[in-house]
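First up is the structure itself, then whatever we jot down about it.
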Amino acid sequence: MTTLDTTDHDDWLVRVHHRLTRTCQDQTAQLAELTATAPDAAEAAAHNALLSAARQGLADTVAALRRIEQGRYGACEVCAGPIPAARLDLLPHARTCVSCPR
Ligand SMILES: [Zn+2]
Numbered sequence: 000m001t002t003l004d005t006t007d008h009d010d011w012l013v014r015v016h017h018r019l020t021r022t023c024q025d026q027t028a029q030l031a032e033l034t035a036t037a038p039d040a041a042e043a044a045a046h047n048a049l050l051s052a053a054r055q056g057l058a059d060t061v062a063a064l065r066r067i068e069q070g071r072y073g074a075c076e077v078c079a080g081p082i083p084a085a086r087l088d089l090l091p092h093a094r095t096c097v098s099c100p101r
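Read in order, the letters of the sequence shown are residues 0 to 101 in numbering that gives the first Met the number 0.
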């Protein structure tokens, strides 16, 4: 039998959801810290880059959590094919499969 065991899949999805929830908390804390810091003029550009990377990371995480809640998680946004679990383990917020461009 090669059929996907739904119970295993559900367990896996619950673990991914946990991971993303933790990442979300970390990223929220990081963003709050960055927002609270006032850089001097020399560091403003670097600080802004960090800030936008943190915002983007948090947005990606929140979007992935929303996809899980809506039952759309793990489908490629380009070709609608399944994203391999191994890829999602490495990159839980991945929106596309390996063959499609980001
Ligand atoms: Zn694809």
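Glycine is no exception: its CB is placed at the ideal position from the N, C-alpha and C atoms.
Contact under 8 Å by Cβ, residue i with residue j
i, j, result
"H16", "A62", "no"
"A48", "L33", "no"
"R86", "V77", "no"
"L50", "C23", "no"
"A74", "I67", "no"
One or two residues paired with residue i in a DSSP bridge
i, result
"P81", "A74"
Inter-residue Cα distance where the pair is residue i and residue j
i, j, result
"L12", "L89", "14 Å"
"L30", "G80", "33 Å"
"D9", "T60", "19 Å"
"R71", "D39", "43 Å"
"A58", "Q26", "10 Å"
"A45", "A28", "19 Å"
"T20", "C99", "26 Å"
"A35", "T5", "44 Å"
"E42", "D7", "48 Å"
"Q69", "T95", "17 Å"
"Q55", "R18", "17 Å"
Near ligand 1: residue i beta-carbon under 7 Å from a heavy atom
i, result
"T6", "no"
Any non-hydrogen atom of ligand 3 within 7 Å of residue i CB
i, result
"C23", "For ligand 3, the structure offers nothing, since it holds only ligand 1."
Legend entry - Residues proximal to ligand 1 by C-beta, any heavy atom closer than 6 Å: C75, V77, C78, G80, T95, C96, S98 and C99
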